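Asker: Pasting in a structure now, in structure tokens, and then I'll have a few things to ask.
Protein chains: 2
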Amino acid sequence: MNNNQAFIDKLRTSGLRPTKQRILIAKNLFERSKTFHFTVEKLNKVINKKGSAKVSLATIYNTVEAFTKAGYLKEILTSKSKSYYDTNIKSHHHFYDEGTKELTDIDYNQVKLSKVPVPPKGKKIKNLEVIIRIQK
Amino acid sequence: MNNNQAFIDKLRTSGLRPTKQRILIAKNLFERSKTFHFTVEKLNKVINKKGSAKVSLATIYNTVEAFTKAGYLKEILTSKSKSYYDTNIKSHHHFYDEGTKELTDIDYNQVKLSKVPVPPKGKKIKNLEVIIRIQK
DNA sequence: ATTATAGTTTATAATAATTCTAAACTATAA
DNA sequence: TTATAGTTTAGAATTATTATAAACTATAAT
Numbered sequence: 001m002n003n004n005q006a007f008i009d010k011l012r013t014s015g016l017r018p019t020k021q022r023i024l025i026a027k028n029l030f031e032r033s034k035t036f037h038f039t040v041e042k043l044n045k046v047i048n049k050k051g052s053a054k055v056s057l058a059t060i061y062n063t064v065e066a067f068t069k070a071g072y073l074k075e076i077l078t079s080k081s082k083s084y085y086d087t088n089i090k091s092h093h094h095f096y097d098e099g100t101k102e103l104t105d106i107d108y109n110q111v112k113l114s115k116v117p118v119p120p121k122g123k124k125i126k127n128l129e130v131i132i133r134i135q136k
Numbered sequence: 001m002n003n004n005q006a007f008i009d010k011l012r013t014s015g016l017r018p019t020k021q022r023i024l025i026a027k028n029l030f031e032r033s034k035t036f037h038f039t040v041e042k043l044n045k046v047i048n049k050k051g052s053a054k055v056s057l058a059t060i061y062n063t064v065e066a067f068t069k070a071g072y073l074k075e076i077l078t079s080k081s082k083s084y085y086d087t088n089i090k091s092h093h094h095f096y097d098e099g100t101k102e103l104t105d106i107d108y109n110q111v112k113l114s115k116v117p118v119p120p121k122g123k124k125i126k127n128l129e130v131i132i133r134i135q136k
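From first to last, the protein sequence lines stand for chains G and R. To convert, note that position 128 of the first sequence is 128 in this note's numbering; the numbers rise steadily by one, no gaps. To convert, note that position 135 of the second sequence is 135 in this note's numbering; the numbers rise steadily by one, no gaps.
What follows is the structure, given as structure tokens:
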């Protein structure tokens, strides 16, 4: 029923104290069947929906940042004003719908690169992302 | 020496009145040997450097937006808070240096995709961009 | 040329996302 | 049990961007 222990261990492993706020946020983010694309605003609404325990907006920002640093979340590239995050941390790509502003995952093996440039001297490739902008 | 006429014609063609502000901004953006990656803040500094005619920040925002809509500039995808623009409007890709936050163009033919996903029903691909994040 | 007007510029205010601050709280180790 | 280092919180501060509305100007019609 309640397997908070897994989250507690995961948090401890990353040097994050397992506070009730972090566990609650982790449950909301990671106990999902599908990957979740969200902004902080959206996550805040999910967490602080009527009747539930309240978590401050500052903590939601802090936690999203901490989870991103710990590698549990991935920040998504868009040109929009808000930051988007993704619970799918595997290397993958996105459709970005210019009309609806919705993001859809593209599985890694749906995109194949046959040529990738050499990075500038002294630099290493950290990550490669393809964004396909779509519209009607 | 002074070939403003080319800019005047270009602006008129796009339905933009050739005001002195727009011409000045166009000269600063497009009379360059290399492509120019910039934020509005950076462009504002370039335009309003000491001793030059002043253009309001609002006009710089308006003009960058108008030039982007007209297809003279390309907005670049990064997850950072500021919007980045590029005078290179040809289809191309970017290195984004996480340390220095600098963008570098990658020529279109330096990247080859051998597999691209089909867009969702009813949607067309408008643009495909590869961002390669690099770090030391 | 003169005038009317629709488009443009401008300073400033408003908004929105995010970060900062410092006091209260809490998990953890001693 | 206690000390402390990490965490949460409300609210203030910051930053990028957009909105507002008055003054200005390019252009077309007279």
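Quick reminder that beta carbons are idealized off the backbone N, C-alpha and C, glycines included. Computed from a predicted structure; not experimentally measured.
Starting from the beta carbon of GLY122 (chain R), find every residue of chain G whose beta carbon is closer than 7 Å, and list them in chain order.
Answerer: What GLY122 (chain R) touches in chain G: LYS136.
Asker: Looking only at its own chain, which residues have a Cβ that is under 8 Å from the Cβ of ILE89 (chain G), when we skip the five neighbours before and after it?
Answerer: Correct list, in chain order: GLY71, TYR72, LEU73, LYS74.
Asker: Is the beta carbon of LEU128 (chain G) closer than 8 Å to that of VAL118 (chain G)?
Answerer: Not in contact: VAL118 (chain G) and LEU128 (chain G) (Cβ atoms no closer than 8 Å).
Asker: In the DSSP assignment, what residue or residues form a beta bridge with ASP105 (chain R)?
Answerer: Paired residue(s): R:HIS94.
Asker: Compare the C-alpha of THR87 (chain R) against each of R:PRO18, R:SER81, R:THR104, R:THR100 and name the closest.
Answerer: It is R:THR104 whose Cα lies nearest to the Cα of THR87 (chain R).
Asker: How is the alpha helix (DSSP H) around TYR61 (chain G) delimited, first residue to last?
Answerer: It spans 57-69 - the alpha helix (DSSP H) in which TYR61 (chain G) sits, taken as one unbroken run.
Asker: Shorter than 8 Å from the beta carbon of ILE131 (chain G) to some beta carbon of chain R?
Answerer: Chain R, which has a Cβ nearer than 8 Å to the Cβ of ILE131 (chain G), makes this yes.
Asker: Is there a C-beta anywhere in chain R that falls below 8 Å from the one on THR104 (chain G)?
Answerer: So, interface residue.
Asker: So, for LEU57 (chain G): in the same chain, excluding its five sequence neighbours on each side, which residues have a beta-carbon less than 8 Å away from its beta-carbon?
Answerer: These residues qualify, in order along the chain: VAL40, ASN44.
Asker: Provide the residue span of the alpha helix (DSSP H) that contains LYS112 (chain G), from first to last.
Answerer: Counting along the chain, LYS112 (chain G) falls outside any alpha helix (DSSP H), though it belongs to the beta strand (DSSP E) covering 112-115.
Asker: To which residues of the same chain is ILE23 (chain G) closer than 6 Å at the C-beta, ignoring the five residues directly before and after it?
Answerer: Taken in chain order, the residues that qualify are ASN4, PHE7.
Asker: Within the same chain, show all residues whose beta-carbon is closer than 7 Å to that of VAL130 (chain R), passing over the 5 residues directly before and after it, in chain order.
Answerer: Counting only Cβ-Cβ distances below 7 Å, and skipping sequence neighbours, we find HIS93, VAL111.
Asker: Does any residue of chain R bring its CB to less than 8 Å from the CB of SER91 (chain G)?
Answerer: Not an interface residue.
Asker: What is the DSSP secondary structure of LYS124 (chain R), reduced to helix, strand or coil?
Answerer: Looking at LYS124 (chain R) - three-state DSSP - the assignment turns out to be strand.
Asker: Within 10 Å of its beta-carbon, does ASP9 (chain R) have 16 or more other beta-carbons around it, so buried, or fewer, so exposed?
Answerer: When all chains shown are included, ASP9 (chain R) counts as exposed.
Asker: Measuring only the C-alpha atoms, how far is ARG133 (chain G) from TYR84 (chain G)?
Answerer: Cα-Cα distance, rounded: 15 Å.
Asker: My output table needs one value for ILE47 (chain R): the three-state DSSP class, helix, strand or coil.
Answerer: Three-state DSSP puts ILE47 (chain R) in a helix.
Asker: Whose CA, out of G:PRO120, G:LEU29, G:ASP107, lies closest to the CA of ILE47 (chain G)?
Answerer: The shortest Cα separation from ILE47 (chain G) among G:PRO120, G:LEU29, G:ASP107 belongs to G:LEU29.
Asker: What is the DSSP secondary structure of PHE7 (chain R), counted as helix, strand or coil?
Answerer: Reduced to three states, the DSSP call for PHE7 (chain R) is helix.
Asker: Check each residue of the segment 3-18 of chain R: if its Cβ is closer than 9 Å to any Cβ of chain G, include it; give the result in chain order.
Answerer: So the list is empty, because no residue satisfies the distance condition.
Asker: Give a yes or no on whether the C-beta atoms belonging to ILE76 (chain R) and SER79 (chain G) are separated by under 8 Å.
Answerer: The answer is yes: Cβ separation under 8 Å.
Asker: Do THR63 (chain G) and GLN21 (chain G) count as a contact pair if the criterion is CB distance below 8 Å?
Answerer: In this structure, THR63 (chain G) lies closer than 8 Å to GLN21 (chain G) by Cβ.
Asker: Apply the 10 Å Cβ neighbour rule to ASP107 (chain G) and answer buried if 16 or more other Cβ atoms are within range, or exposed otherwise.
Answerer: That one is exposed.
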